[in-house]
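Visitor: Keeping their order, the protein sequence lines are chains A and B.
The numbers in the numbering used here rise by one with no breaks, and the one at position 26 of the first sequence is 26.
Position in the second sequence (first residue = 1) + 1000 = the numbering used here.
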Amino acid sequence: MKVLVFNPQLCDGCRICEETCSQTWFKETNAEKSAIRISPLEDQPGRYQATVCNQCGECIDICPTLALTRDRHGIVRVNKKRCTGCLSCVGFCPILAMYIPPDYVVPFKCVACGECVKACPTGALAIEDLPKAPLTETEKRMKVVAL
Amino acid sequence: MKATDKKQVVLEILAEYRYTPPKVERGYANQTLYVNVSDNTIAAKPVDEKMKHTFVGGRGFGLWLLWNAVRGTTKWNDPDNEVILSSGPIGGTTVYPGSGKSIAVSLSPLTGTVMDSNVGGHFGPLLKFSGWDAIEVQGKADREVIVFVDGNKGVVQIIAAPELADDSYALPEQLLDLFAETDEERIGISSVSTGPGAQHTLMGCLNVSFYDPRRKFVRLKQAGRGGIGTVFRHKKIKALVVKYIGVKGDSNGPASWAELTEVGKRMHREIYEQDPIMNDMRGNGTPYLVSIMNEFDLLPVHNFRYGSHPEASNLYHTEFRKHYSLGIPDGCWYGCTLACSKCVERFQLRTGPYKGQWVHVDGPEYETIAGVGSNCGIFDPYAVLEINFYCDTYGIDTISFGTAMAFCMECYETGILNKERTNGLELRFGNAEAMLEALHQMGRGEGFGTVVGQGVRRMKQFFAEKYGADPAFLQDIGMECKGLEYSEYVSKESVAQQGGYGLANKGPQHDEAWLIFMDAVTKQIPTFEDKAEALHYFPMFRTWFSLNGLCKLPWNDVEPADNKRKYPPRIAARVPEHVHNYIELFTAVTGREDIKEPEDLVLMSERVYNFQRIFNLKMGFGTREHDAIPYRSMGPVTIEEYESRAERYDQQLREIGFDPEAKSTKEKLAALRRHREQRYESLIDAVYKRRGWNSQGIPTLETVKRLGIDYPDVVALLKEHLQ
Ligand code: SF4
Ligand code: SF4
């Protein structure tokens, strides 16, 4: 499955990825609307961490409306039509990588589109093909795929 | 019948009303739907600012609409009586856990006065998004009818019910087949229905449905209390059906989506972190309570005689959890991450019309396990599941059923009943077969089951008149107050809880107050004034949930990690941060700026709470004598009950200066009883005073004036009674 991975050794905290992501998906420069969030590591000055979806799929079992499914690349996607904006997935994401902008009723997340990878000046980001995550209970039951 | 062949069914439309669905603004559609099934009238009634301010929504709207529909002489089976369902302004919010409740209101066949019962499922929210803050059904149809609301098209219809199942297991599925045009639409339909047991007893419940997209079948939640299902069937309503496709995060029209998402996200995260290390509601649901109640001697056993039993562990959540399917917690409305709804998906029935079939069973909830399980001496989880299935399927309230059966079982064991009188049912504690047979009789409308179905109050009278049983003894052991059967907690050791039950407006249900721990275990409210304060604050605060379409569970079945460290116990019990969440939530939805402190929430409830008390008065109840409770809920009635906890009771006698040495159990029993009965009266005095009622339990004119519910008819009624 395709996953955006972050290399902390290379990141210099320029946040161009955040700008790129929000531009790509929301046509505005707004870190609140980026699916990747860069923050400084408190205990290691000059070092950064990234919060971004690792496509673990736990949210698939949380969603009451089956709005979260994996596409054929293993990427978890939000189906806007099915989503009731309950934000269960936002609260229950183990790494808090599902977001809701204040002016939008459907949450969003990283879909490993790779735009930020291209934009990152230090090469700290990459799209990797990782082994498939185990099937969630929903997937076992429904055999659902993204529409 | 599949969705695909439903077009072959031609529906006979008896009346149709077209409307333009208004956009829901700040939690309100600003109109209610009136349907009369006698003359097939359908009409919209406006909701004005005063109605919103005074009654808020949910139970408040139900009470106000019903107040205006009935007279003091109206009986539950008069066509004038109504069945009302309303959700409330927060109801239908998807981001905050527990925001999907509907509240049913009607005149109860069991109590003769006004009843409210809250229920999950999707009906209330979908009804609101269809443009209606409440539905009010009056009249009595001359044939079976379905009331159908299509919130996308803007149509309300009264339809002659076609040939459909008469039970609540099959019927809701058939209704989906009938009203969903595609399989995708099934998720947007919710029905209210009940079964044949509701028709043949006075304890009928309403089953409110929601579609489970993973399991691909309909699930049910019950408005159980007080026989509203019986009223429903009496009106010949087969079902209420609402269809609304397209629920979104902002369907409820919140004043501030940004504020709403903040409080919602925070609460979801708290549940994510705290629930697994607290009650694990997501994993266990309410059955987690069974072990706790058993350990603290609060689990009703053998008609509330005892509070624990060596075999109770057979009914612990661990026994039920094994049977839950899928391993994915379900909420009964979107966004409820506390997700206490459980489903046993493959269960083979041993008795009744579905005998031998594999069915799915929702639940069971704690109340059901305690009511039809331990209280009837049944410690077999399979029997509990089977009874649960048939109660829901027949449309019978599991609480009233459990408490009424337990009463019969005690009557049987004490010789008041025998095999002859029960038509062959050997109603000993623990006899699940006999209990199931009584339940099937309710479904069929025959045999002793229909006597049980009249409820404890009527059985007491009947057994005294017909079998010469001692009315005083029946009064002591018959666990009802105001005509409603007790819910399932032993209140003997907590006088505050006795008041919580006895003073509850609708009858003894724990949703007004659950004070046992703070009163009897942690001893936080020692004086009568303390108890009265608790019996002011908690019932008012909890009433607030039912005005807004909220569930109580996310309030205190999960707590912030530092709740108990941060606040002294008495304050921690209120879960201040969650109270604050509710203020934020209410403000974010309604945009009202005047609700800032917990006291403001309490004041909102106080209006409705007092109005309900006065409604009881209008119906010929609502005074002190109606707050009297059976002695079984206060203390040991029998010698063996006393002796089973002799050490505890002896000690208490010593504390009040009565030396138990060399006294017979009978003498000790009498001394304890005098003390406890007097204590209850003192409690009542303190609570009435705190609530602004006179010594007869009637709200004073100053109280109704302060609350702004001094409507001319309210004042006239009070004047008549206050003289
Ligand atoms: S916000 Fe949407 S995607 Fe997330 S859990 Fe709720 S319905 Fe599913
Ligand atoms: S891969 Fe695409 S969606 Fe993910 S963070 Fe980068 S730009 Fe955003």
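Glycine included, every Cβ here is placed at the ideal spot set by N, Cα and C.
The model shown is predicted, which means the values in this text are computed figures rather than measured ones.
Would B/THR1194 and B/GLY1229 be called neighbours here (beta carbons separated by less than 8 Å)?
Guide: Contact flag set, yes.
Visitor: Under 8 Å between C-beta atoms, does A/PHE108 make it to chain B?
Guide: It does not: the Cβ of A/PHE108 has no partner Cβ on chain B nearer than 8 Å.
Visitor: Got a sec: does ligand 3 put a non-hydrogen atom nearer than 7 Å to the Cβ of A/GLY85?
Guide: Of the ligands this structure carries, namely ligand 1 and ligand 2, none is ligand 3.
Visitor: Confirm the yes/no value for this check: CB of A/CYS113, any heavy atom of ligand 2, distance under 7 Å.
Guide: A/CYS113: yes, Cβ under 7 Å from ligand 2.
Visitor: Could you please tell me which residues of the stretch 79-101 of chain A, in chain order, have their CB closer than 7 Å to any CB of chain B?
Guide: Within the stretch 79-101 of chain A, the qualifying residues are THR84, GLY85, CYS86, LEU87, SER88, VAL90, GLY91, PHE92 and ILE100.
Visitor: Mapping DSSP to helix, strand and coil, what is B/MET1115?
Guide: Correct three-state label for B/MET1115: strand.
Visitor: Under a CB-based cut-off of 8 Å, is A/PRO134 close to chain B?
Guide: By this cut-off, A/PRO134 is not an interface position.
Visitor: Is the CB-CB distance between B/LEU1127 and B/VAL1149 below 8 Å?
Guide: In this structure, B/VAL1149 lies closer than 8 Å to B/LEU1127 by Cβ.
Visitor: Counting only beta-carbon separations shorter than 8 Å, does B/HIS1268 have a partner in chain A?
Guide: Closer than 8 Å to some Cβ of chain A, the Cβ of B/HIS1268 qualifies, so yes.
Visitor: Here's a check: name, in chain order, each residue in its chain whose Cβ is nearer than 8 Å to the Cβ of B/THR1703, leaving out the five neighbours to either side.
Guide: Hits under 8 Å: ASN1610, ARG1691, GLY1692 and TRP1693.
Visitor: Kindly list, in the order they appear in chain A, the residues whose Cβ is closer than 9 Å to that of B/ASP1250.
Guide: Neighbours of B/ASP1250 on chain A, chain order: GLY85 and VAL105.
Visitor: So who's on the other strand from A/VAL51, going by DSSP bridges?
Guide: Before going further, note that residue 51 of chain A is Thr rather than Val in the sequence given. According to DSSP, which records beta bridges pairwise, A/THR51 is partnered with A/ARG37.
Visitor: Can you confirm whether the stretch 1274-1284 of chain B touches the stretch 1372-1383 of chain B when touching is taken to mean that 3 or more C-beta pairs between the two stretches lie within less than 8 Å?
Guide: Too few Cβ pairs lie closer than 8 Å, so no.
Visitor: List the residues of chain B that A/GLU137 touches, going by C-beta distances under 7 Å, in chain order.
Guide: Simply LEU1326, GLY1327 and ILE1328.
Visitor: With a Cβ-Cβ cutoff of 8 Å, do B/LEU1085 and B/ALA1104 count as a contact?
Guide: Taking 8 Å as the Cβ cut-off, B/LEU1085 and B/ALA1104 qualify as a contacting pair.
Visitor: Look at the Cβ atom of B/SER1633, then the Cβ atom of B/TYR1501, and state whether they are nearer than 8 Å.
Guide: Cβ atoms of B/SER1633 and B/TYR1501: closer than 8 Å.
Visitor: With a threshold of 7 Å on Cβ separation, who are the neighbours of A/VAL106 within its own chain once the five nearest residues in sequence on each side are excluded?
Guide: Here the set comprises VAL78, LYS80, CYS83 and GLY85.
Visitor: Compute every distance between the C-beta of A/VAL52 and the non-hydrogen atoms of ligand 2, then say whether any falls below 7 Å.
Guide: Indeed, a heavy atom of ligand 2 lies less than 7 Å from the Cβ.
Visitor: Does DSSP classify B/ILE1292 as helix, strand or coil?
Guide: Correct three-state label for B/ILE1292: helix.
Visitor: Do B/SER1494 and B/TRP1544 have their CB atoms nearer than 8 Å?
Guide: Not in contact: B/SER1494 and B/TRP1544 (Cβ atoms no closer than 8 Å).
Visitor: Considering Cα atoms alone, identify which of B/VAL1241, B/ASN1505, B/ASP1048 and B/ILE1271 is closest to B/ARG1059.
Guide: For the residues B/VAL1241, B/ASN1505, B/ASP1048 and B/ILE1271, the minimum Cα distance to B/ARG1059 belongs to B/ASN1505.
Visitor: Taking the C-alpha atoms as reference points, what is the distance between B/PRO1125 and A/ASP103?
Guide: Spanning the two alpha carbons is a distance of roughly 23 Å.
Visitor: Might you give, ordered along the chain, the residues of its own chain that have their beta carbon closer than 6 Å to the beta carbon of A/MET142, omitting 5 neighbours on each side?
Guide: Same-chain partners within the cutoff: there are none.
Visitor: By the three-class DSSP mapping on this structure, what secondary structure does B/GLY1204 have?
Guide: Reduced to three states, the DSSP call for B/GLY1204 is strand.
Visitor: What do you get for B/ASN1247, buried or exposed, if any count of 16 or more other CB atoms within 10 angstroms of its CB means buried?
Guide: Before going on, a small fix: residue 1247 of chain B reads as Val here, not Asn. By the neighbour-count rule (16 or more Cβ atoms within 10 Å), B/VAL1247 is buried.
Visitor: Any chance the CB of A/ALA124 is under 7 Å from a heavy atom of ligand 2?
Guide: False, no ligand heavy atom lies under 7 Å from that Cβ.
Visitor: When the Cα atoms are used, what is the spatial distance from B/ASN1418 to B/GLU1426?
Guide: One C-alpha to the other measures close to 7 Å.
Visitor: Excluding sequence positions up to five away, which residues of its chain have a Cβ less than 6 Å from the Cβ of B/GLN1199?
Guide: Taken in chain order, the residues that qualify are ARG1233.
Visitor: On the DSSP bridge assignment, give the partners of B/GLU1082 in chain order.
Guide: According to DSSP, B/GLU1082 bridges with B/GLN1138.
Visitor: Based on the DSSP secondary-structure assignment, which residues constitute the bridge partners of B/ALA1044?
Guide: In the DSSP output, where bridge partners are listed per residue, B/ALA1044 has B/LEU1033.
Visitor: On the three-state DSSP scale, how would you describe B/ALA1003?
Guide: Because B/ALA1003 sits at a pLDDT of 47, beneath the cut-off of 50, its placement in the model cannot be relied upon, and the following sentence gives the value as read from the coordinates. Of the three classes helix, strand and coil, the one that applies to B/ALA1003 here is helix, per DSSP.
Visitor: Could you check if A/THR65 belongs to the surroundings of ligand 2, using beta carbon to heavy atom distance under 7 Å?
Guide: No, since every heavy atom of ligand 2 falls outside the 7 Å radius drawn around the Cβ of A/THR65.
Visitor: Would B/LYS1002 be called buried (16 or more neighbouring beta carbons within 10 Å of its own) or exposed?
Guide: Confidence at B/LYS1002 is low in this model, with a pLDDT of 49, below 50, so the placement of that residue should be treated as unreliable; the coordinate-derived value is given next. So B/LYS1002 ends up on the exposed side.
Visitor: Could you tell me which residues DSSP pairs with B/LYS1243 in its beta bridges?
Guide: Per DSSP, B/ASP1150 and B/ILE1189.
Visitor: Does the stretch 1359-1376 of chain B come within contact of the stretch 1315-1325 of chain B, defined as at least 3 CB pairs closer than 8 Å?
Guide: Yes: at least three Cβ pairs fall under 8 Å.
Visitor: So that I know if they touch, is there some Cβ in chain A lying closer than 8 Å to that of B/LYS1265?
Guide: It does: the Cβ of B/LYS1265 has a partner Cβ on chain A nearer than 8 Å.
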